[in-house]
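Student: Convert by adding 4 to the 1-based position in the sequence shown; the result is the number in our numbering.
Have a look at this one before I ask anything.
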Amino acid sequence: MRQVLAAAAVGAGLVLADVGDPVLGEAVLAHDQALRCARAWGLSEPRPTVVVLVDGLGAELLDQRRGHAPVLRQWSALTGSGTGAGLTTCRPTTTAAALTTLGTTALPGTTGMVGYCVLNPLLGGRLPEGTVPSADQLLSLVSWQGSALDPRSWQDVPTVFERLRREPGTAPGRTGLAASVGPARFVGSGLTEAALRGTTHLGADRLEERPGQAARALRSGTPLVYLYVGELDHTGHHHGWRSHQWLEQLERLDAALAELQRRVPPGTRLLLTADHGMVDTDAAHRVDLADHPDLARDVVAVAGEPRFTHLHLPHADGALAQEVAQRWRQRLGPRAAWVGTRQEAAVHLGPLGPRARDVTGDVVVAMEGTWVLVDSRVHSQAALAMRGVHGSLTRAETTVPLMTTVT
């Protein structure tokens, strides 16, 4: 999934400049790598391009509900077979991490976007023994509300949009190389600034308004448009992806894609992908840390999300982390897909750079099946009641579609 936006940009006839930092240069896709990927996917012929990012539309979910998406059934899957065939997203399978990986081509271990929320970096990551986990310790990497941190400075890996050029070696285009379409509230939001900065943002609160905005951008000469759809994810969280409400949103998405095909200029390439999938859970598959003193012992902060949790220990004690990780493995048993220390978490997050080391938990827990790990001292009632969840390692969460058509 990390290659999609970069390959689409090359397919739109644009060039990705080098990042100018040897260390970051190893972590992000260079223009030649993006070009190879575009060729492998049949995207190398220069065309105006719209990248549709559907939040929460896992490939397995789409494949099981393809009867409700006749337009998408006509689009070609670029990898694998079947309507929902696709790519693997980053881990954790959560929006803040995945959109930043899409937007920068770098993994969460490089960007530091390692979860929905993290222990606020301003706390220093070394809380004393006896600290009780609370929501006040956390920084949301979606909203960034109440933080003194500048998302652009803290997540300073250049985005694909910032690297765009019309020709090799030229200065960055001031305007007109890319546009993003989505709800107006995303203009200047923390996640936008961290993950997708560098575009002209066109506000469209209703899904039905976004095809028109995308078409107008293309007709004005903009070669690359990013179009965000968040309604499916929002509905899935509240009702579950197996609900009739989720199906209604899938049908609404399909109708919007039909309108997008109708309105964009002839010869436009439309490319659809997602940031993650989803599983449905219930109260019977919930482990509340506040009710388990054996698990809560030594834990001074809880971050991440219920499917991929970061546990912080007193003074970031490495020896204690090994002990706690082993205890959690034994206590959770088959309810956990993976439990490891910060050093071991690189297998999922990618090599940990300075940003990620500052905020990754001393122990990280990924839940199996439909199990969730919550802490009623930290999580809101709305979070505790979520029906649809994501973040962990199942195929339903990690596999996302990659589909295309040309108008």
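For every residue, glycine included, the Cβ atom is placed at its ideal position computed from N, Cα and C.
Note that the structure is predicted; figures quoted are calculated from it, not measured.
I'd like the ranges of any beta strand (DSSP E) spanning at least 3 consecutive residues and lying wholly in the region 70 to 118.
Tutor: 90 to 92
Student: Can you tell me which of the three DSSP states residue 8 falls into?
Tutor: helix
Student: Could you tell me the distance, in whole angstroms, from the CA atom of residue 111 to the CA atom of residue 95?
Tutor: 8 Å
Student: Determine the extent of the alpha helix (DSSP H) in which residue 263 is found, giving its start and end residues.
Tutor: 248 to 267
Student: For residue 188, count the other beta carbons within 10 Å of its own beta carbon; 16 or more makes it buried, fewer makes it exposed. Which is it?
Tutor: exposed
Student: Could you tell me whether the region 53 to 72 touches the region 392 to 409, using the rule of 3 or more Cβ pairs below 8 Å?
Tutor: yes
Student: Suppose you measure from the CA of residue 273 to the CA of residue 200; what does that come to, to the nearest Å?
Tutor: If you take the alpha carbons of residue 273 and residue 200, they lie about 21 Å apart.
Student: If I measure Cβ to Cβ from residue 21 and keep anything under 6 Å in the same chain, skipping five residues before and after, which residues do I get?
Tutor: 167, 169
Student: Run through the region 113 to 183 for me and flag every whole alpha helix (DSSP H) of 4 or more residues, listed as ranges in chain order.
Tutor: 155 to 158, 164 to 167
Student: Helix, strand or coil, according to DSSP, for residue 309 in the structure here?
Tutor: strand
Student: Helix, strand or coil: how does DSSP classify residue 341 here?
Tutor: The three-state reading of DSSP puts residue 341 in strand, counting E and B together.
Student: Measure the beta-carbon distance from residue 9 to residue 229 and round it to whole angstroms, keeping in mind my assumption that it falls under 8 Å.
Tutor: Contact between residue 9 and residue 229 is absent: CB atoms are separated by about 11 Å, not below the 8 Å threshold.
Student: Look up residue 351 in the DSSP assignment and say whether it is helix, strand or coil.
Tutor: helix
Student: Spell out the partners DSSP gives residue 191 in its beta bridges.
Tutor: Beta-bridge pairing links residue 191 to no other residue.
Student: Taking 8 Å as the limit between beta carbons, can you name the residues of its chain near residue 33, skipping five residues before and five after?
Tutor: Around residue 33: 6, 7, 10, 20, 41, 109.
Student: Can you check DSSP and say which residues form a bridge with residue 277?
Tutor: 57, 406
Student: DSSP three-state label for residue 368, please.
Tutor: Of the three classes helix, strand and coil, the one that applies to residue 368 here is strand, per DSSP.
Student: Would you identify the three-state DSSP class for residue 434, choosing helix, strand or coil?
Tutor: It is not possible to answer for residue 434, since the shown part of the chain is limited to 5 through 411.
Student: Quick one, are the C-beta atoms of residue 313 and residue 371 less than 9 Å apart?
Tutor: yes
Student: Taking 7 Å as the limit between beta carbons, can you name the residues of its chain near residue 254, skipping five residues before and five after?
Tutor: Excluding the 5 residues flanking it on each side, residue 254 has same chain C-beta neighbours closer than 7 Å at 69, 72, 73, 236, in chain order.
Student: Count the other CB atoms, across all protein chains shown, that sit within 10 Å of the CB of residue 263; report buried if there are 16 or more and exposed otherwise.
Tutor: buried
Student: Could you name the residues of the same chain whose beta carbon sits closer than 8 Å to that of residue 191, not counting the 5 residues immediately before and after it, in chain order?
Tutor: 205, 207, listed in sequence order.
Student: Just checking, does the region 296 to 303 make contact with the region 329 to 346 on the three C-beta pairs under 8 Å criterion?
Tutor: Output reads yes: the region 329 to 346 touches the region 296 to 303.
Student: How many whole angstroms separate the CB atoms of residue 393 and residue 369, which I take to be in contact at a CB cut-off of 8 Å?
Tutor: Between residue 369 and residue 393 the Cβ distance is about 14 Å, and since that is not below 8 Å, they are no contact.
Student: Give the C-beta separation of residue 356 and residue 364 to the nearest angstrom, bearing in mind that I take them to be a contact with Cβ-Cβ under 8 Å.
Tutor: 6 Å
Student: Between which two residues does the alpha helix (DSSP H) containing residue 222 stretch?
Tutor: 214 to 223
Student: Decide if residue 80 is buried, meaning its Cβ has at least 16 other Cβ atoms within 10 Å, or exposed.
Tutor: Residue 80 is classed as exposed because its beta carbon has fewer than 16 other beta carbons within 10 Å across all chains shown.
Student: Pull the bridge partners of residue 377 from the DSSP assignment, please.
Tutor: 291
Student: Does the structure place the region 282 to 290 close enough to the region 235 to 252 that three or more beta carbon pairs sit under 8 Å?
Tutor: yes
Student: For residue 27, which three-state DSSP category applies?
Tutor: helix
Student: Helix, strand or coil for residue 382? Go by DSSP, reduced to three states.
Tutor: coil
Student: Kindly list the residues whose CB is nearer than 6 Å to the CB of residue 436, restricted to its own chain and excluding five residues on each side of it in sequence; keep chain order.
Tutor: Nothing about residue 436 can be read from this structure; the chain reaches only from 5 to 411.
Student: Looking only at its own chain, which residues have a Cβ that is under 8 Å from the Cβ of residue 265, when we skip the five neighbours before and after it?
Tutor: 75, 274, 409, 411
Student: In the DSSP assignment, find the alpha helix (DSSP H) that holds residue 233 and state where it starts and stops.
Tutor: Counted as a single uninterrupted DSSP element, the stretch harbouring residue 233 is not any alpha helix (DSSP H) but the beta strand (DSSP E) occupying residues 228 to 233.
Student: Tell me whether residue 186 sits in a helix, a strand or coil according to DSSP, three-state version.
Tutor: Strand.
Student: For the candidate residues 138, 261, 195, 82, whose alpha-carbon lies nearest to that of residue 106?
Tutor: The shortest Cα separation from residue 106 among 138, 261, 195, 82 belongs to 195.
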